[in-house]
Amino acid sequence: MKIDTALLVIDVQAAMFPETDPVYDADGLLARISGLIAKARACHVPVIYVQHSEDEGEPLETNSPGWYIHPAVEPAAGDLIIQKHTPDSFHETNLQHELAELRIKKVVLTGIQTDMCVDATCRRAGDLGFEVLVAEDAHSTWGQSNQSASEIIEQYNEQFRSFADTRESSKIEFCSA
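Counting in numbering that gives the first Met the number 0, the sequence shown runs from 0 upward without gaps.
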């Protein structure tokens, strides 16, 4: 990949990892995202964090313990952090402007929640003309109704393939050959 690529880390915040009911495959997810961050940084590819902010009393209340980005994938000095209030990381944020300033044409998506913020951001990025690559094993959710988290993740990976590229995180490289 060229330097016209950015890695987006969506909503990987402490509240998503409670002891009683963490996001599906929490440790594996953090390890894979951390690996992608390391590969991106080694190739001087921008790592952009998207951080969801909720109202007072909510799990992702701004400046509450759960709001902070998980320490396993915390930003480095100079990494961009975009604040959002809706599932779509572009809606009423400066993400599109920042990507334009960096001359980014391709985004690699990781994060939480597969069926909410990752999905909304993936669709919007494509609508805005970005080439989108979803790290198919580096996004997660919780089981709902009669579907397990792994079933939801696989279902969304199939949906993503209709308008984006998907690839296992181990097969994503940021440095050009």
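Note that beta-carbon positions come from the ideal geometry of N, C-alpha and C, so glycine has one too.
**Message:** Measuring straight from C-alpha to C-alpha, what distance separates PRO70 and SER63?
**Reply:** 14 angstroms
**Prompt:** Who does GLU60 pair with in a DSSP beta bridge?
**Reply:** GLU53
**Asked** To which residues does DSSP link GLY110 through a beta bridge?
**Response** ILE9 and HIS138
**Prompt:** Which whole-angstrom value describes the C-beta separation of LEU7 and THR109, a residue pair presumed to lie in contact below a C-beta threshold of 8 angstroms?
**Reply:** 7 angstroms
**Asked** For the putative contact between ILE68 and GLN12, defined by C-beta atoms under 8 angstroms, what is the C-beta separation to the nearest angstrom?
**Response** 6 angstroms
**Asked** Where ASN93 and GLN82 are concerned, what is the direct C-alpha to C-alpha distance, given to the nearest angstrom?
**Response** 9 angstroms
**Asked** So, using beta-carbon positions, are ASP164 and LEU132 closer together than 8 angstroms?
**Response** yes
**Request:** Note down, one range per segment and in chain order, each beta strand (DSSP E) of at least 3 residues found wholly within the region 66-127.
**Result:** 79-83 and 105-111
**Prompt:** Is the CB-CB distance between CYS121 and PRO86 below 8 angstroms?
**Reply:** no
**Message:** For ARG160, report the span of its alpha helix (DSSP H) as first-last.
**Reply:** Taken as a continuous stretch (DSSP letters only), ARG160 belongs to no alpha helix (DSSP H), as it is neither H nor E.
**Asked** Hey, would you say ASN156 sits closer than 8 angstroms to GLU135, going by beta carbons?
**Response** yes
**Message:** Using a 10 Å radius around the Cβ and a threshold of 16 neighbouring Cβ atoms, would you call ARG160 buried or exposed?
**Reply:** exposed
**Request:** Quick one: residues in its chain with C-beta nearer than 6 angstroms to the C-beta of ILE152, no 5 flanking neighbours on either side, listed in chain order?
**Result:** THR113
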